[in-house]
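Peer 1: Sharing a structure below in C-alpha cells format, with a few things to ask.
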Amino acid sequence: MYVEGDWVKAKGTTLGADNGLGVATIMAILESTAIPHPAIEALFTIDEETGMTGAQGLKEGLLSGGILLNLDTEEDDEIGVGCAGGIDVTATRTYNEENTPEHKIGFEITIKGLQGGHSGMQIHEGLGNANKILNRLLFDGFENFGLRISEIDGGSLRNAIPRESKAIVAIDAMHENAFLLETNLMCNAIKKELRTMEPDLIIEVSKCDTPEKIMDLGVQEGFTRAMYAASMAFIE
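Be aware that the sequence shown starts at 1, since it is given in the UniProt record's numbering, and climbs by one per residue.
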C-alpha cells in the first residue's frame, strides 16, 4: 500500500472498501493522542474474502482482550460486537473416466442470468443458485434417460452464490426428443419457481459434440445426490 495525497492506494491488487475502512479506523485510533480508550489490541489479517488464511494462522494466546470489536463493515458508524463464524468445506474425490458409448450424443446445459450474490450478506434472500439448478436437471436426466456427466463448471469462489454454471453431458440418441421435452418442462417449472427473485434466469440446452469421456456411474450418482442434499441457505 502507499499514500497519495489524502488517499491510501494499493499497487498491483485491490484495496477492499469494507476492510479498508476498518483498517483506516483502527490506524486513526492508534495514531491519535486525543481519542480516549482503554488498552486495545489491533489485529489485521489477510485473505478474509478468499479463505481467511490470515486468521487461520493466529496463534492461541496471542491476544488477551476479552471483547472483540469487528470493523469489517461498509458503514463508518457501525461496529460488530463479535462476529459470525463460517465453515469452508473442500471435498475431493478421485474417479475413473469411461469411454462414451457410441450410441450416445452430447448436450451442453447452461445456467445463466442469475443475480449471484455474497453468501454472507444475501444467503437468506432466496436467490437462485446456478449449481443447484443445474444439478436438478442432471439428476432428472440421469433418473429418466440415463444421462451421463462429462464436464461441469460451476465456478470457484467460496463465498459467492453461483450465478452461472454449465455441464457437458451424454444421453442415448434414442431418448433425444423425450429428453428435450422433459428438460423443457423442468426448465419452465424452475423459472416459475424463481420468477420473482430471478426474472432474468436463462436455461439453455443445446446439442454439442459427443464427449469422448464420461464420469464413472457410481461417482456421478453420489455427486448428484450430495449436491441435492446441500442446503442453499443457512442452517441452525
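For every residue, glycine included, the Cβ atom is placed at its ideal position computed from N, Cα and C.
For the beta strand (DSSP E) that contains A167, what are its first and last residues?
Peer 2: Here residue 167 refers to the residue found at position 167 of the sequence shown. First-last of the beta strand (DSSP E) with A167: S165 to D172.
Peer 1: Does K191 come out as helix, strand or coil in the three-state DSSP assignment?
Peer 2: Sequence index remark: in the sequence shown, residue 191 carries index 191 (1-based). Helix at K191.
Peer 1: Buried or exposed, going by whether 16 or more other CB atoms sit within 10 Å of the CB of S231?
Peer 2: Locating residue 231 in the sequence shown gives position 231, counting from the first residue. Burial call: exposed.
Peer 1: Just tell me which of V169, N159, G116 and Q122 has its CA closest to the CA of N135.
Peer 2: Indexing the sequence shown from 1 puts residue 135 at position 135. Selected option, being the one with the closest Cα: V169.
Peer 1: What residues in its chain sit with their C-beta under 6 Å from that of G117, if we drop five residues either side in the sequence?
Peer 2: Translated into the one-based positions of the sequence shown, residue 117 becomes position 117. So the qualifying residues of the chain are L127 and I161.
Peer 1: Looking at C-beta atoms only, is the number of pairs between the stretch 220–229 and the stretch 140–158 that lie closer than 8 Å three or more?
Peer 2: Verdict: yes, contact present.
Peer 1: Taking the straight line between their C-alpha atoms, what separation do you get for G57 and A229?
Peer 2: Looking up residue 57 in the sequence shown gives position 57. Looking up residue 229 in the sequence shown gives position 229. Each residue's Cα considered, the two are about 32 Å apart.
Peer 1: For T196 and I190, what's the separation of their Cα atoms in angstroms?
Peer 2: What you label residue 196 is simply residue 196 of the sequence shown in a count that begins at 1. What you label residue 190 is simply residue 190 of the sequence shown in a count that begins at 1. Whole-angstrom Cα-Cα distance: 12 Å.
Peer 1: Tell me the start and end of each unbroken alpha helix (DSSP H) in the stretch 49–96 that is at least 4 residues and wholly inside, in chain order.
Peer 2: Counting whole runs of 4 or more residues, the stretch 49–96 contains the alpha helix (DSSP H) stretches 53–56.
Peer 1: So for K11, helix, strand or coil by DSSP?
Peer 2: Position 11 of the sequence shown, counted from the first residue, corresponds to residue 11. Reduced to three states, the DSSP call for K11 is coil.
Peer 1: Could you check where the beta strand (DSSP E) with M215 kicks off and where it finishes?
Peer 2: In the sequence shown, residue 215 corresponds to position 215, counting from 1. That run of the beta strand (DSSP E) goes K213 to M215.
Peer 1: Find out if the Cβ-Cβ distance for the pair A39, L30 is shorter than 8 Å.
Peer 2: Taking the sequence shown and counting its residues from 1, one reaches residue 39 at position 39. Taking the sequence shown and counting its residues from 1, one reaches residue 30 at position 30. No, the Cβ-Cβ distance between A39 and L30 is not below 8 Å.
Peer 1: Taking only the alpha-carbon atoms, compute the straight-line gap between V89 and L69 and give it to the nearest angstrom.
Peer 2: Sequence index remark: in the sequence shown, residue 89 carries index 89 (1-based). Sequence index remark: in the sequence shown, residue 69 carries index 69 (1-based). Whole-angstrom Cα-Cα distance: 27 Å.
Peer 1: Can you tell me whether F44 is buried or exposed, with buried defined as 16 or more other CB within 10 angstroms of its CB?
Peer 2: Mapped onto the sequence shown, residue 44 falls at position 44. The residue is exposed, with fewer than 16 neighbouring Cβ atoms inside 10 Å.
Peer 1: Given a cut-off of 8 Å, decide if D172 and E103 are closer than it, judged by their beta-carbon atoms.
Peer 2: Counting from one through the sequence shown, the residue named residue 103 turns up at place 103. Counting from one through the sequence shown, the residue named residue 172 turns up at place 172. First, the residue type needs correcting, since residue 103 is His and not Glu in the sequence shown. Contact flag set, yes.
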